[in-house]
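Colleague:
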Amino acid sequence: MPCLKTALSPASLSARLHNVWQAIQIVWHAAPRLFVAWALLILLQGILPVATVYLMRWTVDALAITVNSATAANLRTAGGITLGLALVLLAVELLRSLQTWVTTAQSEHVTDAVKAQIHAQATRLDLSFYEDPNYYDMLHRARNEANHMPLSLVQNLGALIQNSITLLAMMGVLLPYGAWVPFALLLGTAPALLITFRFNRRQNAWRLKRTPLVRRTYYYDHLLTSLDAVAEQRLFALGQTFIQRYVTARATLRTERLSFAQQEALTQLFAKTLGLLTVAVTLGILAWQTITTGGTLGELALFYQAINQGQRLAGTLFGSLGQIYRNLLFIDNLLAFLALSPRLPEQPNATQSRPLTLREAIRIENVSFQYPGAQTFALTDFSLTIPAGKLTAIV
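Under my numbering, residues 791 to 1185 are what the sequence shown spells out, in order.
1. Note the first and the last residue of the continuous alpha helix (DSSP H) segment covering VAL882.
2. I'd like to check one pair, MET939 with ASN1117: are the Cβ atoms closer than 8 angstroms?
3. Is the CB-CB distance between LEU1013 and ALA1019 below 8 angstroms?
4. Do TYR1115 and GLY921 have their beta-carbon atoms positioned less than 8 angstroms apart in this structure?
5. Looking only at C-alpha atoms, which of ASN953, VAL826 and THR956 sits nearest to GLN896?
6. Applying the 10 Å Cβ sphere with the 16-neighbour rule, what's the burial state of PHE1120?
7. Given this structure, state the Cα-to-Cα distance separating CYS793 from VAL1004, to the nearest angstrom.
8. Where ALA1178 and ASN809 are concerned, what is the direct C-alpha to C-alpha distance, given to the nearest angstrom?
9. Going by other Cβ atoms of all chains shown within 10 Å of its Cβ, with 16 needed for buried, is VAL850 buried or exposed?
10. Determine which residues share a DSSP beta bridge with LEU1169 and list them.
11. If the criterion is Cβ atoms closer than 8 angstroms, does the pair ALA1061 and ILE951 meet it?
12. Give every residue of the same chain whose Cβ lies closer than 7 angstroms to the Cβ of TYR926, excluding the five residues on either side of it in the sequence, and list them in chain order.
13. How many whole angstroms separate the CB atoms of LEU888 and LEU831, which I take to be in contact at a CB cut-off of 8 angstroms?
14. Any idea which residues DSSP pairs ILE1176 with across the strands?
15. Output yes or no for whether 8 angstroms exceeds the beta carbon distance between ILE1154 and SER1131.
16. Buried or exposed: which applies to ASP1011, given that a residue is buried once 16 or more other Cβ atoms fall within 10 Å of its Cβ?
17. May I ask you to report which of helix, strand or coil DSSP gives SER918?
18. Can ILE812 and LEU1125 be called in contact, C-beta distance under 8 angstroms?
19. Considering just the uninterrupted stretch of the alpha helix (DSSP H) at ARG1024, what are its terminal residues?
20. Take the Cβ of ARG931 as the centre, count every other Cβ of all protein chains shown within 10 Å, and call the residue buried at 16 or more, exposed below.
21. Grab me the residues of LEU1258's own chain with a C-beta within less than 7 angstroms of its C-beta, minus the 5 sequence neighbours each way, in chain order.
22. Beta-carbon within less than 6 angstroms of LEU798's beta-carbon, same chain only, minus the 5 sequence neighbours each way: which residues are those?
23. Sort HIS819, THR1175 and THR1166 by Cα distance to ASN1156 and report the nearest one.
24. Tell me where the alpha helix (DSSP H) around LEU965 begins and ends.
25. In angstroms with no decimal places, state the Cα-to-Cα distance between LEU957 and GLU898.
26. Are three or more beta carbon pairs between the stretch 836-847 and the stretch 867-882 nearer than 8 angstroms?
27. Going by DSSP in three states, ILE1184 sits in which element: helix, strand or coil?
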């Protein structure tokens, strides 16, 4: 099937960027109002952490002044700033809860919308597609892995935008204390991004390779547990055979998945340790500069908050980039499946034409058939006569 081979080829960068836009359109059309609410929540949550850092600095400075001079004016100032900080922190939690609800609602709508597209495509394609194992591999990935990926992609894009806003603001906070500070934060988290890209690429290649084996485990499980197959299974004593094949397939998949997980955990541990060392050195240098230049406790609090959040945000931002890359690899499967076209399109007036009446018989004479890619013929010089008005079964 040429169309299936084309659909399974690696997507170019421009095609992947186009897939991002297609995923956004899927989420938008599924629930436009929720999409707008989600976008507003992303912007607000990107700004509030910066306000928290500044309010923390002002709170510490105000409390230090109040401790040294507990006047009524100083107490009112410290109380007002502390109240403002508490309100901002409450707003952060409120927005986080709202985003959780919006995300859940979006997930339900997007899942239904994508399932509807998959069902419509499955009923539109020719019967010949159902004779090709590559089609079933694509259908399996679209149905079991990619149906939720458009929403996941858009959510990771939102996290990327939100964290970028906050990270840029944090860099602006730290920039007056040295142009090297933002660079150090990014440098400490860059290895994690490279590791994420590498493992996502390897994992996607593994999923493409192992889709037939995964489908086989689903098939063995169906044969062992469904009413449709139980009679033949008992008649030919195939229960233990299918159990052993299922266990063998699952052992292969489990071993390979755990190997991936172990390698990723070790490399991520190294990357995170490097990031923590970078933060510790940066914070130590800034603290020393503050002490030697007569800085305030509020500045130390600002450094800690900004660097801690900056390092976390940089890691999250790079993690979002890795997740976006992973989502795009999976969305390739969904969009490739939806892009398949029937080779035998319906005639425009097929449903309106008069049905033909079979008067005598249908005759098949000397027909040979070979499946694509097969070495032998399934039928050779096959002849058959199906009389009119008779019900004929070919077994």
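For glycine and all other residues, C-beta sits at the position ideal for the given N, C-alpha and C.
Modeller: On the basis of the supplied data:
1. 862-914
2. yes
3. Annotated as proximal: LEU1013 and ALA1019, with beta-carbon spacing under 8 angstroms.
4. Position check: residue 921 holds Glu in this sequence, whereas Gly was assumed. Contact: no.
5. When only C-alpha atoms are compared, the closest one is VAL826.
6. Burial call: buried.
7. With a pLDDT of 46 at CYS793, under the threshold of 50, the predicted position of this residue should be treated as unreliable, though the coordinate-derived value follows. One C-alpha to the other measures close to 23 angstroms.
8. 51 angstroms
9. buried
10. According to the DSSP secondary-structure assignment, LEU1169 is paired through a beta bridge with PHE1159.
11. no
12. ARG1005
13. About 6 angstroms separates the two Cβ atoms, so the contact holds.
14. Beta-bridge pairing links ILE1176 to ILE1152.
15. no
16. exposed
17. helix
18. Note on residue identity: the sequence assigns Gln, not Ile, to residue 812. For GLN812 and LEU1125, yes; Cβs fall inside 8 angstroms.
19. In the DSSP assignment, ARG1024 falls within the unbroken alpha helix (DSSP H) covering 1017-1025.
20. Buried is the call here.
21. Outside the shown range of the chain (791 to 1185) lies residue 1258, about which nothing can therefore be said.
22. Caution is warranted here: a pLDDT of 40 is assigned to LEU798, below 50, making its placement in the model unreliable, and the coordinate value is therefore given only provisionally. Closer than 6 angstroms at Cβ, skipping near neighbours: no residue.
23. THR1175
24. Looking at the DSSP string, LEU965 is not in any alpha helix (DSSP H), and its letter there is neither H nor E.
25. 31 angstroms
26. These segments touch.
27. In this structure, ILE1184 counts as coil in the three-state DSSP scheme.
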